[in-house]
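Using this note's numbering, you'd call the opening residue of the sequence shown number 87 and step up by one each time.
Just so you know, even glycine gets a beta-carbon here, dropped at the ideal spot from N, CA and C.
Each remark here refers to the structure printed beneath this line.
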Amino acid sequence: MTIKVINRSHHPLPQYETALSAGLDLRAFLPDGPITIAPLERAMVPTGLYIELPAGFEAQIRPRSGLALKKGITVLNSPGTIDADYRGQLCILLVNLSQEPFQVVDGERVAQMVVARHEQAQWQEVDQLSETQRGTGGFGHTGTK
């Protein structure tokens, strides 16, 4: 699949880090200098990237596991969805769940993007749903062990 992209940053285009990677790392584009995210605060981090996805695809924005584990930094609306008809700049909504301020610097890999196929659903209103073994059980109904 080919995705059209405009790169207004001075960073290389996102790339897969290994042959079997699902996600492309996205970098912060902060030409005016670093930004600091205080504990329990959030910030919109620009990437300088604009994309045109093919119809039937979305881009999912997800946290980077290393930042989440080591620094408590995650993507607030994870996974964020970029729709195929969106043409604005890709920005990452980060939140600092740690007790220490976190500084985001230009070029830092702050999130990953997974491109995925999707379908649009059509509703069919009915009076009754089919029965299953699970039924209405949810939220831990099968126990923990």
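| Check | Outcome |
| --- | --- |
| Contact under 8 Å by Cβ, E194 with R128 | no |
| CA nearest to the CA of I202, picked from R94, Q208, R148 and M130 | It is Ala, not Ile, that sits at residue 202 in the sequence shown. If we check each option's Cα against that of A202, R148 comes out closest. |
| Counted within 10 angstroms of its Cβ, other Cβ atoms place V212 as buried (16 or more) or exposed | exposed |
| Between the CA atoms of L135 and I92 - distance to the nearest angstrom | 6 Å |
| Inter-residue Cα distance where the pair is R173 and M199 | 16 Å |
| Identity of the residues DSSP links to V181 by a beta bridge | R128 and T160 |
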